[in-house]
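Below is one structure, written out as structure tokens; the observations come after it.
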Amino acid sequence: MCSASVSLSGLFVVAGFEMNQGYIAKELCVNKDKPQLHCNGQCYLMRKLKQAQEKEQKQDHQFQKIQLQEAIVSTPFIFKQYSFIAINLRIPLTTGVPVARLNAIFHPPQFSC
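The sequence shown maps to residues 45 to 157 in our numbering.
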């Protein structure tokens, strides 16, 4: 897009120069006092082409800023809710010795003969 717009604006500058070259050479040319240089307004044309290019670069930079701002704003914000549930677990502390109540419940099978 940038190169097409620069060449398009340059085309308008050159077209305007071609249509008004006589006036530009007589009135606006920096070298109008030096006819031996045969400038014929070329200095004016080069200055205008440079200005058009700088203007396009400035506009392109501003366009990039706008795109960056759109990218930042259009990013969806996702808010996640975390709920922390406190679970009270009662874990008995043992010393490694079986508890008497457990021995009453869990015992090896007894065979009657």
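Even glycine gets a Cβ: it sits at the ideal position worked out from N, Cα and C.
Treat the numbers as computed from the prediction; the structure is a model and nothing was measured.
Cβ neighbour criterion (16 or more within 10 Å) applied to residue i
{"i": "leucine 81", "result": "exposed"}
{"i": "glycine 85", "result": "buried"}
{"i": "tyrosine 67", "result": "exposed"}
{"i": "alanine 48", "result": "Because alanine 48 carries a pLDDT of 47, less than 50, the predicted location of this residue cannot be relied on, and the following value inherits that uncertainty. Burial call: exposed."}
Best match in the options for proximity to residue i [C-alpha to C-alpha]
{"i": "glutamine 95", "options": "Ile68, Gly54, Pro152 and Ser156", "result": "Gly54"}
{"i": "valine 58", "options": "Glu71, Gln97, Val74 and Lys70", "result": "Gln97"}
{"i": "aspartate 90", "options": "Gln154, Ser156 and Ala69", "result": "Looking at the sequence provided, one finds methionine at residue 90 rather than aspartate. Comparing Cα-Cα distances from methionine 90 to each of Gln154, Ser156 and Ala69, the minimum goes to Ala69."}
{"i": "leucine 93", "options": "Phe150, Pro153 and Leu52", "result": "Leu52"}
{"i": "glutamate 62", "options": "Asp77, Tyr88, Asn75 and Lys78", "result": "Tyr88"}
Cβ of residue i within 8 Å of any chain D Cβ
{"i": "cysteine 87", "result": "Included in the structure is just one protein chain, with no chain D present."}
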